[in-house]
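What follows is one structure encoded as C-alpha cells, with my remarks underneath.
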Amino acid sequence: MPTRPEKRKRPWKTEKLAHQRAIDMSWFYNDRRWRRFSKAYKQRHPLCCDCEDEGVSTPTQVTDHIVRYLDGGTGFDLDDLKDEDFKPRCKRHHDARSGRQAHGK
Ligand SMILES: [Zn+2]
C-alpha cells in the first residue's frame with residue numbers, strides 16, 4: 031500500500047465550497063419523493079409560519095428547509111423526509127431568508 035508523503039492541507043478548497051453559491055440541488059428537488067412530500071407538507075401546514083408570527087394568514091408556497099444543505103442541514107434524505115426539518119413559508123419570506131444566496135430571483 032503506497033502512502034502519501036505529502037499531507038498538505040488545502041484550506042482554500044474548503045473555503046471555496048463554503049462560499050459556493052449556485053450548488054446544483056436538482057437531484058433533490060426534481061425527485062418524485064421530494065415533490066410528493068412537499069405537496070403533502072403544504073397541505074399539512076397551509077399557512078406561512080412567519081406570516082402567522084406577523085398576524086397575517088398567507089398560504090404556504092414553499093417547503094423550506096430549516097437548515098440549508100450547504101450548512102449541513104438535515105431533511106435531504108429522500109427516503110426519510112420529516113416535517114420537523116422544514117418550515118412552511120410564503121414566497122416572500124422564503125426569498126427574504128435565502129436572499130443572501132445570489133439567485134437573483
Ligand atoms: Zn410569509
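Going by my numbering, the sequence shown opens with residue 31, and the numbers climb by one from there. By construction, the Cβ of each residue, glycine as well, lies at the ideal position given by its N, Cα and C atoms.
Contacts around residue i, its chain only, beta-carbon distance under 8 Å, and the 5 residues preceding and following it disregarded
i      : result
Lys121 : Gln91, Val92
Arg74  : Asp113
Tyr99  : Ile53, Met55, Phe58, Phe106
Under the three-state DSSP convention, the category residue i falls into
i      : result
His124 : helix
Leu77  : strand
Arg98  : coil
Close Cβ partners of residue i (< 6 Å) along its chain, the five nearest in sequence each way excluded
i     : result
Val97 : Gly103
Arg62 : none
Pairwise C-alpha distance: residue j and residue i
i      : j      : result
Arg119 : Asp109 : 23 Å
Ala126 : Asp94  : 12 Å
Asp115 : Gly85  : 23 Å
> In chain order, what are the residues with a CB under 6 Å from some non-hydrogen atom of ligand 1?
Replying inline: Listed by chain position, these are Cys78, Asp80, Cys81, Thr88, Arg119, Cys120, Arg122, His123.
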